[in-house]
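Quick notes on the structure that follows.
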Amino acid sequence: MMIYIDKNELDVRIRLNSEHLENDPYYSADNIFSPCDYQWYGDKEGRALLAFMSHYKISGKKIPCMEKMLRLMPEKLNPEGYFGPVYNGKIHEEQLSGHSWLLRGLAEYYEVFGDSFCLEAISRITEGLYLPLRGKINTYPVNREKENKGGVSGELTAEDGSWLLSTDIGCAFMSIDGLSHSYKIMRDERIRALLDEMIEFYLAIDKVKLRAQTHCTLTAARGMLRMYGETKDSRYISGAETILDLYAFSGGMTKTYQNLNWWGREDSWTEPCAVVDSLMVASELYKITKEEKYRVLASRIYHNGFAAIQRDNGGAGTDTLICEGSEHKYLHPLMYEAIFCCSMRLAEGLYYINKNRDLLYAEVTGRVSKNSDGTYSDNDLIYCLPDRELIPYAENGTAADGMMLYPVVKLYKVPKDILMASRQKIIFE
68 MMIYIDKNEL
78 DVRIRLNSEH
88 LENDPYYSAD
98 NIFSPCDYQW
108 YGDKEGRALL
118 AFMSHYKISG
128 KKIPCMEKML
138 RLMPEKLNPE
148 GYFGPVYNGK
158 IHEEQLSGHS
168 WLLRGLAEYY
178 EVFGDSFCLE
188 AISRITEGLY
198 LPLRGKINTY
208 PVNREKENKG
218 GVSGELTAED
228 GSWLLSTDIG
238 CAFMSIDGLS
248 HSYKIMRDER
258 IRALLDEMIE
268 FYLAIDKVKL
278 RAQTHCTLTA
288 ARGMLRMYGE
298 TKDSRYISGA
308 ETILDLYAFS
318 GGMTKTYQNL
328 NWWGREDSWT
338 EPCAVVDSLM
348 VASELYKITK
358 EEKYRVLASR
368 IYHNGFAAIQ
378 RDNGGAGTDT
388 LICEGSEHKY
398 LHPLMYEAIF
408 CCSMRLAEGL
418 YYINKNRDLL
428 YAEVTGRVSK
438 NSDGTYSDND
448 LIYCLPDREL
458 IPYAENGTAA
468 DGMMLYPVVK
478 LYKVPKDILM
488 ASRQKIIFE
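Numbering-wise, the working numbering comes out as the position in the sequence shown, counting from 1, plus 67.
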């Protein structure tokens with residue numbers, strides 16, 4: 068039997084996220100620009116614009132802040148046309164990462180509305196911030212001490228050579244995504260040369276040894292897929308496949324189809340941004356290669372991983388890791404909402420799912436059984452033991468091995484006070 072995405076359920080998810088972005092003061096025109104001391108320059112602004120555009124493409128309705136922020140943006144930029152200081156001789160990793168999202172948001176707006184400011188901003192950011200990196204990518208430090216540093220929002224942790232490094236290890240290579248969109252619009256071969264330099268270097272890094280952030284790695288793969296769409300160069304497909312295989316089968320993905328924030332950090336947490344990216348990469352690889360394993364993976368990410376990430380206010384938050392080596396035995400929220408990143412990132416995920424929902428069907432047999440890794444599932448659906456408080460929100464309980472098991476509860480249906488005290492046991496001993 069096949070279980071397709073319930074359109075009414077998806078509509079509710081989309082509505083909750085859209086209303087959150089429209090009504091929460093954090094995303095208002097008065098607050099949409101980050102303070103000067105927030106060193107993820109361009110990150111919030113870019114994610115917000117991308118989120119607003121994602122909802123516009125779903126509904127045709129403009130969230131009012133979108134137009135206001137674009138009117139105000141020119142006065143917020145430095146003389147070179149981007150956010151934050153001009154670091155002469157230094158490369159600020161988080162500045163690169165943040166402006167990747169800004170390029171994405173500006174590019175989405177330009178492609179729909181043909182706005183001249185957006186086109187100029189894309190050009191100036193690319194020219195002033197990124198193209199000077201040509202010939203310098205291979206200086207990125209890859210030999211580092213293994214330190215368990217960093218929170219849900221990364222921070223600058225070290226200066227090594229010309230690089231100002233983030234605890235979100237590898238986030239400079241998030242830029243492959245934004246630059247690929249810049250290339251799509253500008254058709255500047257210098258951008259492609261820089262992208263090829265970044266891709267070749269990042270693919271060669273041992274990301275597990277480096278303990279790179281899984282989110283930035285998957286985002287880089289999305290940029291590679293966009294480059295394939297523009298050039299039909301199979302090297303980009305090969306790179307994206309290498310990354311997804313590494314993520315899915317070398318300790319980047321949890322048993323509930325979410326992610327470890329960093330490879331090798333079982334003490335960390337999941338990040339909805341990466342769950343969104345993993346679904347998009349898997350789906351796009353399926354559409355290009357027609358390999359069924361990618362469609363199955365994307366479907367399992369949606370029906371299991373996505374069940375937990377969205378909250379009842381429409382935003383998204385982090386959860387415990389359910390994987391080998393983790394001290395956690397229960398799936399439960401760690402942070403109710405990552406308002407500064409994941410709630411905005413969820414919007415593009417919801418847009419993508421709405422556009423591709425026919426691909427994301429789960430196959431079930433009607434019988435729950437124990438897998439070789441100890442988890443219980445009905446083919447594509449993971450089953451668990453939820454707290455009694457969660458059972459009213461659970462679906463399709465089934466008896467197995469003397470237990471009453473349920474699919475992972477869709478947490479956007481659960482009120483915050485119940486959610487934050489809840490536990491779901493994913494059995495894999």
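Cβ coordinates follow ideal geometry from the N, Cα and C atoms, glycine included.
Please read these numbers as outputs of a predicted model, since none were measured by experiment.
- Beta-bridge annotation (DSSP): S233 is paired with L223.
- In the three-state reduction of the DSSP assignment, C451 falls in the strand class.
- Runs of the alpha helix (DSSP H) lying entirely within the stretch 92-126, each at least 4 residues long, are 110-126 in chain order.
- A contact between stretches requires three or more CB pairs, one per stretch, nearer than 8 Å, and the stretch 140-151 fails this requirement with the stretch 74-87.
- With respect to G384, M402 sits close: the two C-beta atoms are nearer than 8 Å.
- By the neighbour-count criterion, in which 16 or more other beta carbons inside 10 Å mark a residue as buried, D104 falls on the exposed side.
- Annotation: the continuous alpha helix (DSSP H) that includes A174 extends over 160-180.
- Contact check for A307 against L327 fails: the beta carbons are separated by 8 Å or more.
- DSSP, reduced to helix, strand and coil, places S436 within a strand of the structure shown.
- Non-local beta-carbon contacts of A341 in its own chain, meaning distances under 6 Å to residues more than five positions away in sequence, involve T281, H282, L285, N326 in chain order.
- Beyond the five residues adjoining it in sequence on each side, A239 comes within less than 7 Å, by CB distance, of E160, L163, S164, Y207 in the same chain, given in chain order.
- Under the DSSP assignment, D445 falls in the beta strand (DSSP E) whose first and last residues are 443-445.
- A Cβ-Cβ distance of about 4 Å is found for the pair R362 and Y353, placing them in contact under the 8 Å criterion.
- For V481, the CB contacts under 8 Å within the same chain, skipping 5 residues up- and downstream, are D379, L457, Y460, S489 in chain order.
- E212 sits in coil when the DSSP states are folded into three classes, being neither helix nor strand.
- In terms of Cβ geometry, K203 and I243 do not form a close pair [threshold 8 Å].
- Contact between V209 and I272 is confirmed by a C-beta separation of about 6 Å, below the 8 Å threshold.
- Per DSSP, Y473 is one residue of the beta strand (DSSP E) stretching across 470-474.
- In the structure shown, L426 adopts helical secondary structure according to DSSP, grouped into three states.
- Sequence-distant partners of G109 (beyond 5 residues in either direction) whose C-beta falls short of 6 Å from its own C-beta, in its chain, are F150, G165, H166, L169.
- Distance from the CA atom of K216 to the CA atom of K396, rounded to whole angstroms, is 23 Å.
- In the DSSP assignment, I70 forms a beta bridge with A429.
- For the pair of segments examined, the stretch 406-418 was found not to touch the stretch 436-447: the number of CB pairs separated by less than 8 Å stays below three.
- When rounded, the separation of the alpha-carbon atoms in F373 and S317 is 21 Å.
- Within the DSSP secondary-structure output, A467 pairs in a beta bridge with M470.
- One Cα belongs to G218, the other to I236, and the distance between them is close to 12 Å.
- For L77, the three-state secondary structure derived from DSSP is helix.
- The beta carbon of C185 sits closer than 8 Å to those of L137, L173, A174, Y176, Y177, all from its chain and outside the five residues before and after it, given in chain order.
- Spanning the alpha carbons of Y443 and C451 requires a straight line of approximately 7 Å.
- Between the C-alpha atoms of E214 and N75 there is a straight-line separation of about 45 Å.
- Under the three-state reduction of DSSP output, N155 falls in the coil class, being neither helix nor strand.
- If you draw a 10 Å sphere on the C-beta of P146, you find fewer than 16 other C-beta atoms in it, and that means exposed.
- Linking T309 to K274 through their CA atoms gives a straight-line distance of about 11 Å.
- In the three-state DSSP reduction, K354 falls in the helix class (H, G or I).
- C-alpha of I449 to C-alpha of W336: approximately 19 Å in a straight line.
- In this structure, the CA atom of E351 is about 17 Å from the CA atom of Y324.
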